[in-house]
Amino acid sequence: MTAFTLRVNGDEHAVPDAWDGESLLYVLRERLGLPGAKNACEQGECGSCSVLVDGALVCSCLVLAAGVADHDVTTVEGLVVDGVLSDVQQAFVDAGAVQCGFCTPGLVMTVTDLLARDGEPDDLEVREALAGNLCRCTGYGRVLEAVRTTIRRRRGDEVAVPVPAPVTR
Amino acid sequence: MSPTVTGTGRRAGRGRVGDSAPRPDGIPKVQGQFAFGSDLFAAGMLWGHTLRAPHPSARIVALDTTAASTMAGVHAVLTADDVPGDLLYGLEVRDQPVLARDVVRYVGEPIAVVAADHPEIARRACAAITVRYDELDPLVDPELAADASTPAIHPDGNVVRRLTIRHGDLGATGDVTVEGAYEVGMQDQAPLGTEAGLAIPGDAGVELFVPTQSLHGDRSQIAACLGLPEEAVHITLAGVGGAFGAREDVSLQVHLCLLALRTGRPVKMVYDREESFYGHVHRHPARLWYRHHADRDGRIVKVEARLLLDGGAYTSSSPAVIANASCFAAGPYLVPNAHIDGWVVRTNNPPCGAMRGFGAVQTCFAHEAQMDRLAEALAMDPIDLRLRNALAPGDRLMTGQVITGTAPVAEVIRACAELPLPEPDPTEADDWRARPGGVGRTTDPGDLRRGVGFAVGFKNIAFSEGFDDYSTARVDLSDGIATVTCACAEVGQGFVTLAQQITREVLGIDDVVLAPADTSIGSAGSTSASRQTWVSGGAVLAAAEAVRDQLLAHVARTRGTPTDHLAIDDGRIRATDGSVDVGIVEAGAGVAFTATVEYHHAPTTELDEDGQGDAHLSFAFAAHRAVVDVDPELGLVRLVDLATAQDVGRVINPLQLRGQLEGGAAQGVGLALMEEIIVEGGLVRNPSFTDYLIPTVLDVPDLRIAALIEQPEPGAPFGAKGVGEPPTISSGAAVAAAVGAAVGCPVSRIPVRPQDLTTDAPAAPAGRAPCLVRGCSGSCTIGPATQ
């Protein structure tokens, strides 16, 4: 057993009793109550578990949790600020890029990373950047549209139309 | 050319029928807050794990769980002896053990399950269970399984179903015949979410949260195995990370409930990717033989075919899969005479069952290759040949059934074929990423061969062969807010959006809430066979209309106006004579309206001994055209362009429809070019995403939608046909045809592998380019004419 502290989305989380072999993905999901990163292959092939560690995109299934103690971890939950979706998240909703949604958090992280590095990627650059994220539902068409939508909105060529909050009772 | 996607055009943005209404679960999903099966948590929960058979065929001689049971942190180790009810389960035939007793019939068959404090302890406990096997020779050749002299590997025998279709004059012959043998590999649904779930024991039974395609289908099987009445098993749909057929069968459901009931604690289980490959059924691999007869004008005279599907160790949905494969074996063409001999057999290979397209995918590849061969033999344009034979309303299928609904086959063929081919992209001319093999820089651009392929296919909508296919929905309306309750499994396809759109359309309100899908209401059947838009959509529509009628009757009573003078118009109830004009909230203030409806689609009949009968409710058609570049030296393929036209009845949500067309096509592309579970001697060789490849964003070009054919289907709610499966049927066939066109000989096997394309070229007939397909003698005469 090992004890360490993880800094996730700016918050310090004590991890008092993890087994040494636990991945960052497992600790985020099962110990910290942050299930946004998904567990689709757990061998670095599908990108569903993508998070940022010190700003670098990684598959959290391949990172030992104890190894990133005291580093900055950003998960999909951390992209929402004051209850407002990031522009990438909003574009995924608006473009129809979400079906079952299992790959969505990983893709959102990858697109966030790509557009932080390159604001005007061409089509093949976008595809190269997203090629490590598997999606089984969408055939990627609307995912690419979500990327294009984000780029257009950042350029000011298009304005996001707010979607009314869903009714709950 | 941009595709025209038309909706109703009215009240745009209000989320009604015809609008691109946003998904109600979209916002939680992009935030990582949508609870999938693997995200569930309960205080004090244990983790389950499964011990699986390493052999395809063996007797269990000894099984000792002592060491596992006594490990610290282990709370239960269960075997077949611990199953209190029926040991066997299954969708159509209960022939599959919950846990193997005495004998194992495929690699990965569950033998024991463990509950422990930590998933790693559960895994180690499974490893500590000792099993002594007496290995047997596995039956892995489906041809052998079809032979009556082969010893049965299961008490129910080796032939799961044989279905023969005899139609018209079996002695008829054509002026021209073409013959071909085809093979289709075993495809995996590969939903991104693996099998997962959480079972919580209760005083009167067990509560299960699980991603599934069919809550009530699961419940009847689970309850029987637990020895409990169905009411004692309550199932709530957990978030489903894709399905595509993989969740139609029970996987871990019974195991979880057994462990929870034994330990008295909540138990969670999550398969890893390797276990997922063993934990669900796959698309049937197929061996197909065809002979087409046609007259000199290109009219099909007769189709003969023998279809052999490998069902693996247990029945699953194999009887229905072979029915589809057989009924749609010749494609959407008028076939006056037919003799189809369909077999699905039991082997010691992995069990196969439902996957998107359900039997029609395998045969589409073959019948479309046959049509190309026929066109070549007749020296006809392959599009003209297809149009000449295209089914139309009023035509008789080779099962004797007359098409009474819509059948825009010629329309989808024409629209897809007439879309201009893509212009060369100058930005890609010098770009390695735009070549087969990508940035590996292995392809010599000068060697590239381009090919164009075309395919059209069809299948049934909803369940067939006399199945009483229905769904149940309740709509409650109070204070202007409607709540829809339906056990329809949302697996990503977007039924939740459609249910809201339908309810808004009928009630004229904007606020529609969806209750969780669970077994507290009657069955909605399975999310499969492209049926939920019709069947659960029909149930929601009928329930919403019943509530609307109650509301109007209430207004008529309280305002003294005849009901038939009232109508809902844009959020208000108005009388034709102007005497009533009241908002819906005000009109129904203080009153709760509710209606529950069980909606059955029109009955179908069984197939008789000649495979004749009105077995199907409705049919949906799609066409695809693919353009590929092939590197014949390396056997690498790049899909350059993919276009489609589809028969959709009526568009209910343009954006979601597009998503179905794009995603479904990608799965067909995967089958054609890369996806295959490689099974050798019953052993699965590639159970991982490292070795089982599904298309990435670099493998799938933007799908161009040439047309959505909107011909409302009689009897269908809003005239809409299910749209999920047709995209997967003809897309792969078109890609395979394009590869064949590029290399000069029909592809006879999918997925097409590099080694299938790179054999030494046999001598080419005069005036033809050499054919490069392995095993081709060069006599195929299909090679492209040299310029």
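Those sequence lines, one after another, are chains A and B. The first sequence begins at 49 in the working numbering and counts up by one. The second sequence begins at 204 in the working numbering and counts up by one. Backbone N, C-alpha and C define an ideal beta-carbon position, used for all residues, glycine too.
Any idea what DSSP makes of residue i, helix, strand or coil?
i: B/I356; result: coil
i: B/S159; result: Beyond the ends of chain B as shown, which are 204 and 990, falls residue 159 of chain B; an answer cannot be given.
i: A/E60; result: strand
i: B/N663; result: strand
i: A/V174; result: helix
i: B/L491; result: strand
i: A/W67; result: coil
i: B/I881; result: coil
i: A/Q91; result: coil
i: B/G654; result: strand
i: B/G218; result: coil
i: B/Y336; result: strand
i: B/I932; result: helix
i: B/C689; result: strand
i: B/G210; result: Because the pLDDT at B/G210 is just 34, under 50, the model does not fix this residue reliably, and the value given afterwards should be weighed accordingly. Three-state result, B/G210: coil.
i: B/P404; result: strand
Evaluate residue i with the Cβ neighbour count: other Cβ atoms within 10 Å of its Cβ, from every protein chain shown; 16 or more gives buried, anything less gives exposed.
i: A/G95; result: buried
i: B/L302; result: buried
i: B/I881; result: exposed
i: B/M248; result: buried
i: B/S519; result: buried
i: A/V129; result: exposed
i: B/E621; result: exposed
i: B/H803; result: exposed
i: A/P83; result: buried
i: B/Q958; result: exposed
i: A/E60; result: exposed
i: B/S933; result: buried
i: B/G467; result: exposed
Just checking my contact of residue i with residue j at CB under 8 Å: how many whole Å lie between their CB atoms?
i: B/L814; j: B/R369; result: Note that residue 814 of chain B is Gly in the sequence shown here, rather than Leu. Contact holds; Cβ gap of about 7 Å.
i: A/T26; j: A/V159; result: A query on residue 26 of chain A cannot be resolved here, the shown segment of chain A reaching from 49 to 217 and no further.
i: B/I438; j: B/T722; result: 5 Å
i: B/S667; j: B/A795; result: The pair is not a contact, with the Cβ atoms about 39 Å apart (cut-off 8 Å).
i: B/Y493; j: B/G383; result: 5 Å
Could you tell me whether any Cβ in chain C is nearer than 8 Å to the Cβ of residue i?
i: A/P64; result: Going by chain labels, chain C is absent from the structure shown, which instead holds the protein chains A and B.
When you compare the CB of residue i with every CB in chain A, is at least one pair closer than 8 Å?
i: B/I438; result: no
i: B/H321; result: yes
i: B/S729; result: no
i: B/T397; result: yes
i: B/G235; result: yes
i: B/A991; result: What is shown of chain B runs 204 to 990, which leaves residue 991 of chain B out entirely.
i: B/F892; result: yes
i: B/Q859; result: yes
i: B/F239; result: yes
i: B/P225; result: yes
i: B/P394; result: yes
i: B/E865; result: yes
Consider the Cβ of residue i: report whether some Cβ of chain B lies at a distance smaller than 8 Å.
i: A/V141; result: yes
i: A/A113; result: no
i: A/L133; result: yes
i: A/C107; result: no
i: A/G149; result: yes
i: A/P169; result: no
i: A/L172; result: yes
i: A/N87; result: yes
So, does the stretch 904 to 924 of chain B touch the stretch 608 to 626 of chain B, judging by three or more C-beta pairs under 8 Å? yes
Stretch-stretch touch, CB-based, cutoff 8 Å, three pairs: the stretch 637 to 649 of chain B with the stretch 814 to 830 of chain B: no
Three CB pairs or more closer than 8 Å across the stretch 558 to 570 of chain B and the stretch 356 to 371 of chain B: no
Check whether the stretch 345 to 356 of chain B touches the stretch 406 to 419 of chain B, taking contact to mean three or more Cβ pairs, one atom from each stretch, closer than 8 Å. As far as the Cβ criterion goes, the stretch 345 to 356 of chain B does not touch the stretch 406 to 419 of chain B, which means the pair count is below three.
I'd like to know if the stretch 144 to 153 of chain A and the stretch 112 to 119 of chain A are in contact, where contact means that at least 3 CB-CB pairs between them fall below 8 Å. No, the stretch 144 to 153 of chain A is not in contact with the stretch 112 to 119 of chain A.
Indicate whether the contact test is met: 3 or more Cβ pairs, each with one atom in the stretch 214 to 229 of chain B and one in the stretch 697 to 717 of chain B, closer than 8 Å. yes
Is the stretch 703 to 716 of chain B in contact with the stretch 457 to 468 of chain B, if contact means three or more CB pairs nearer than 8 Å? no
With contact counted as at least three CB pairs below 8 Å, one residue from each stretch, are the stretch 522 to 534 of chain B and the stretch 334 to 341 of chain B in contact? no
Validate contact between the stretch 363 to 378 of chain B and the stretch 499 to 508 of chain B using beta carbons, cut 8 Å, 3 pairs: yes
Check whether the stretch 440 to 454 of chain B and the stretch 389 to 405 of chain B are in contact - that is, three or more C-beta pairs closer than 8 Å. yes
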